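Below: the structure, in structure tokens.
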Amino acid sequence: MAAVAVLLGMVQPAVAAWPDDKPIEVVVGFAPGGGTDLLARKLLPFVQKRLGPQAQFVVVNKPGAAGEIANAHVKNAKPDGYTVAVINVPGFLYVPMIKKSQYEARDFTLVSRVVDDPTVLVTRTDNAVQTLPAVVDALRRKAGSLSFGHNGVGTNGDLALQLLARTAKVQPNAIPYKGTAAQKTDVLGGHLDFGIVSAGEVPELHGGGTGAMRAVAQFGATRSPALPGVPTATESGTAVTMTSERGFAVRQGVPAAIVARLDAAIAESVRDPEFIASASADAPVLAYLPGAQWQQSLERNRKALQLLADTLPKQ
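Laid out in structure tokens, this is it:
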């Protein structure tokens, strides 16, 4: 009992001091400029304001291995609430299912979900292949004739492409990237035929907007309000559904009081009209859930992802 009392005595001052005694490191597993990175950078000033004048956030990008490098970094941090992960589902769950990973999902406590974002197939406007049926037809005529970018094994883009290949019985040329910004650059530069990204990462296309790039299909169950004129893959004859959930997590062992305080600040920030106006790309796909509810949702998703892990080709 004496030992327990000593430990509690150590924890309570740490909880009381958080988040004022040093900056909070927020770790993003993808390169700067992508949807995950931009979401964190736009939201965190609002969270910081709610945590108090001494709170500071520092965003650290650790791209590679579909977020595994970043997640492992957070897993190995001290459980003091000063290291926070921005996680992406499905990759967060899927990567440990298909390889010996540096982390497991059970190593983390979920704090808040912020976004549930449909996956989108995009290309440049001068691409002769402009519809999903045309994509499928071209690949059936010549395997590997079209290139498709995604953000790494187990990400929403990778899984959407694998499901497309299996459902349509085609063989695409898949190319992994460290982030969406690089995908978009190569699509626009003519080096990549198609990018597979999240709807929130292509704000220039929202609401029927036009430019040098266009959306070919979206992989949501229904059309996103952000892309009302873009058909779903199912509408286009290939039944594939894949979204990207993004939110915040900490390693197991962070005191519950810190998790609750951070979640409350995120919840208030996501509903802040000023944040919504500043994050117009994410506004149509904002879908806040507290960590406990998100955990329940992910447990349901885990079964479907495990089935994919057991049946899709190993990479």
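For the record, in the sequence shown the residue sitting at position 130 is 1433 according to this note's numbering, with numbers rising by one throughout. Ideal Cβ positions, reconstructed from N, Cα and C, are used throughout, including at glycine. Fair warning: this is a prediction, and the values are worked out from it, not measured in the lab.
Beta-carbon spacing of residue i, residue j below 8 Å
i: residue 1552; j: residue 1411; result: yes
i: residue 1435; j: residue 1442; result: no
i: residue 1457; j: residue 1406; result: no
i: residue 1454; j: residue 1480; result: yes
i: residue 1389; j: residue 1339; result: yes
i: residue 1452; j: residue 1429; result: no
i: residue 1262; j: residue 1380; result: The displayed coordinates of the chain run from 1304 to 1618. Any statement about residue 1262 would go beyond what the structure contains.
i: residue 1491; j: residue 1611; result: no
i: residue 1541; j: residue 1523; result: no
i: residue 1593; j: residue 1607; result: no
i: residue 1572; j: residue 1349; result: yes
i: residue 1375; j: residue 1323; result: no
i: residue 1575; j: residue 1415; result: no
i: residue 1597; j: residue 1550; result: yes
Extent of the continuous alpha helix (DSSP H) run through residue i
i: residue 1397; result: 1394-1401
i: residue 1578; result: 1576-1581
i: residue 1351; result: 1338-1354
i: residue 1501; result: Counting along the chain, residue 1501 falls outside any alpha helix (DSSP H), though it belongs to the beta strand (DSSP E) covering 1497-1501.
i: residue 1526; result: Per DSSP, residue 1526 belongs to no alpha helix (DSSP H) and is neither H nor E.
i: residue 1572; result: 1559-1573
Interface flag, residue i vs chain C, CB-CB below 8 Å
i: residue 1320; result: Considering every chain present, this structure includes no chain C. It has just one protein chain.
Spatially closest choice to residue i from the options, by CA coordinates
i: residue 1450; options: 1470, 1462, 1474 and 1428; result: 1474
i: residue 1568; options: 1352, 1329 and 1330; result: 1352
i: residue 1538; options: 1355, 1510, 1520 and 1478; result: 1520
i: residue 1517; options: 1350, 1524 and 1508; result: 1508
i: residue 1341; options: 1484, 1374, 1532 and 1356; result: 1484
i: residue 1383; options: 1357, 1545, 1556 and 1593; result: 1556
i: residue 1366; options: 1386, 1330 and 1591; result: 1330
i: residue 1493; options: 1427, 1565, 1595 and 1597; result: 1427
i: residue 1385; options: 1558, 1524, 1527 and 1547; result: 1558
i: residue 1391; options: 1404, 1373, 1378 and 1401; result: 1373
i: residue 1327; options: 1549, 1355 and 1336; result: 1355
i: residue 1543; options: 1464, 1572 and 1570; result: 1464
i: residue 1336; options: 1510, 1563, 1445 and 1482; result: 1482
i: residue 1554; options: 1368, 1573, 1533 and 1378; result: 1378
i: residue 1318; options: 1603, 1576, 1613 and 1562; result: 1562
i: residue 1486; options: 1498, 1477 and 1476; result: 1498
i: residue 1609; options: 1350, 1510 and 1402; result: 1402
i: residue 1275; options: 1506, 1549 and 1514; result: The structure shown does not extend to residue 1275, since the chain is modelled only from 1304 through 1618, so no value can be given for it.
i: residue 1444; options: 1472, 1466 and 1467; result: 1472
i: residue 1404; options: 1413, 1438, 1368 and 1439; result: 1368
i: residue 1320; options: 1564, 1614 and 1597; result: 1564
i: residue 1547; options: 1495, 1604 and 1595; result: 1604
i: residue 1614; options: 1466, 1413, 1446 and 1591; result: 1466
i: residue 1447; options: 1476, 1496 and 1400; result: 1476
i: residue 1602; options: 1393, 1370 and 1371; result: 1393
i: residue 1432; options: 1577, 1496 and 1478; result: 1496
i: residue 1527; options: 1545, 1514 and 1438; result: 1545
i: residue 1595; options: 1440, 1413 and 1525; result: 1413
Residue i, enclosing beta strand (DSSP E) - first and last residue
i: residue 1425; result: 1411-1427
i: residue 1486; result: Note, residue 1486: premise wrong, no beta strand (DSSP E); alpha helix (DSSP H) at 1483-1491.
i: residue 1371; result: No beta strand (DSSP E) contains residue 1371, which is instead part of the alpha helix (DSSP H) from 1371-1378.
i: residue 1615; result: Per DSSP, residue 1615 belongs to no beta strand (DSSP E) and is neither H nor E.
i: residue 1479; result: 1476-1479
i: residue 1436; result: It is not in any beta strand (DSSP E) - residue 1436 instead sits in the alpha helix (DSSP H) that spans 1435-1444.
i: residue 1590; result: 1589-1593
Bridge partner(s) assigned by DSSP for residue i
i: residue 1459; result: Note: residue 1459 sits in no beta bridge, so no partner.
i: residue 1603; result: DSSP, once it has assigned bridges, lists no residue as partnering residue 1603.
i: residue 1551; result: 1389 and 1415
i: residue 1333; result: Note: residue 1333 sits in no beta bridge, so no partner.
i: residue 1517; result: 1426
i: residue 1452; result: 1478 and 1498
i: residue 1473; result: Looking at the DSSP assignment, residue 1473 forms no beta bridge with any residue, so it has no partner.
i: residue 1328; result: 1361 and 1386
i: residue 1535; result: 1521
i: residue 1546; result: 1421
Closer than 7 Å: residue i CB and nearest the ligand NAD heavy atom
i: residue 1510; result: Of the ligands one can find in the structure shown there are none, so the ligand NAD has no counterpart to examine.
Notebook entry, point to check: Between the region 1411-1420 and the region 1362-1369, are three or more C-beta pairs nearer than 8 Å?
Noted result: In the pairwise beta carbon analysis, the region 1411-1420 is classified as not touching the region 1362-1369: fewer than three pairs are separated by under 8 Å.
Notebook entry, point to check: Just checking, does the region 1336-1355 make contact with the region 1572-1590 on the three C-beta pairs under 8 Å criterion?
Noted result: Contact between the region 1336-1355 and the region 1572-1590 is present, because at least three Cβ pairs lie under 8 Å.
Margin query: Below 8 Å, how does it come out for the region 1586-1602 and the region 1500-1517: are there three or more Cβ pairs, yes or no?
Written below: At 8 Å Cβ cutoff, the stretches touch.
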